[in-house]
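So, in structure tokens, the structure goes:
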């Protein structure tokens, strides 16, 4: 019992002794708060611009509109080209009938 | 390769296929629908001819074709003669010159006859369309020689 009291007194004396605390790194507090804020902020989206673009073009409304526009452009240009081709063919047929190659 | 890029390439390829498919289908359909076996179909559409004008033009055309065939046969025979004469020697002899002159004269006769036909056809059309037809036919038939002559003229200049 006496021994225990002696140990407590020694421990208390040790605890009462002044201790050197290590110096904190510069702007320690500010860095701590920044890390806390970063941790509490919502997670940043990892979606890139390409993924965003792909998501946009795969939207049904956009996709159908684009397909319709491409088909319309293809049909218009094809019809124009076909008409020109038929016209040239008809012209060549007439010219060949009235002016065979030896005459030209 | 990452997934969005693969999707984008697939979408681009699909778009190109849709455009190309539409283009070629429309082109083929339009060319087939508008094509005709009638030699004179071009005149009707290009010069906006009425049925009456078309009938007159057709009559002139059918009258001209036998003459044209006859001249073509004469030209073919003359060309064969020129080829024979050229095959028999290595020089431009008097005989070769004579045959070439005859061939040239025959060609000139053919062209004159052809122009006469074009003038007759142009008169069967409304005046404005007739003028346009004549200019177009001269360009399509005689323009070829003019182009060659112009090229020769340019190359002759120092």
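Protein chains in written order, with this note's numbering: chain A, 1353 to 1456; chain B, 271 to 428.
By construction, the Cβ of each residue, glycine as well, lies at the ideal position given by its N, Cα and C atoms.
Note on residue 1427(A): 16 or more other CB atoms within 10 angstroms of its CB, so buried under the neighbour-count rule.
One thing to note: residue 369(B) has its Cβ within 8 Å of the Cβ of residue 352(B). Looking at 308(B), 344(B) and 402(B), the one whose alpha-carbon comes closest to that of residue 375(B) is 344(B). With a threshold of 16 other beta carbon atoms within 10 Å, residue 312(B) meets it and is buried. A straight line joining the alpha-carbon of residue 298(B) with that of residue 1434(A) spans about 6 Å. Residue 410(B) places its beta carbon less than 8 Å from that of residue 1447(A).
A check of alpha carbon separations from residue 1423(A) across 287(B), 399(B), 403(B) and 407(B) identifies 287(B) as the nearest. The beta carbons of residue 327(B) and residue 335(B) sit about 13 Å from each other, so the pair does not count as a contact at 8 Å.
Contact annotation: in the region 348 to 378 of chain B, residues whose CB is within less than 9 Å of a CB in chain A are 349 and 377. Looking at the backbone, the Cα of residue 303(B) and that of residue 1449(A) are separated by about 22 Å. Among the CB atoms of chain B, one or more fall inside 8 Å of the CB of residue 1452(A). When DSSP states are grouped into helix, strand and coil, residue 301(B) belongs to the helix group. The closest CA to that of residue 324(B), considering only 308(B), 337(B) and 338(B), is found on 308(B). With respect to residue 384(B), residue 1451(A) sits close: the two C-beta atoms are nearer than 8 Å. Assignment of residue 1369(A) by DSSP, reduced to helix, strand and coil, places it in the coil class. Residue 338(B) and residue 332(B) have their C-alpha atoms roughly 10 Å apart. Setting aside the 5 residues that flank it on each side, residue 342(B) is surrounded in the same chain by 380, each with a C-beta closer than 8 Å to its C-beta; the list follows chain order. In the DSSP assignment, residue 387(B) falls within the unbroken alpha helix (DSSP H) covering 364 to 393. Residues of the same chain with a CB within less than 6 Å of the CB of residue 387(B), apart from the 5 flanking positions on each side, are 334 in chain order. Residues of the region 384 to 410 of chain B that bring their beta carbon within less than 7 Å of a beta carbon in chain A comprise 384, 387 and 410, in sequence order.
At a cut-off of 8 Å between beta carbons, residue 1416(A) makes no contact with chain B. Among the residues facing chain A, residue 285(B) is included, as its CB has a counterpart in that chain under 8 Å away. CA-CA distance, residue 1357(A) to residue 1365(A), rounds to 12 Å. For residue 320(B), no alpha helix (DSSP H) segment is defined, and its DSSP state is neither H nor E.
Excluding the 5 residues flanking it on each side, residue 355(B) has same chain C-beta neighbours closer than 6 Å at 365, 366 and 369, in chain order. Counting only Cβ-Cβ distances below 7 Å, residue 294(B) has contacts in chain A at 1430, in chain order.
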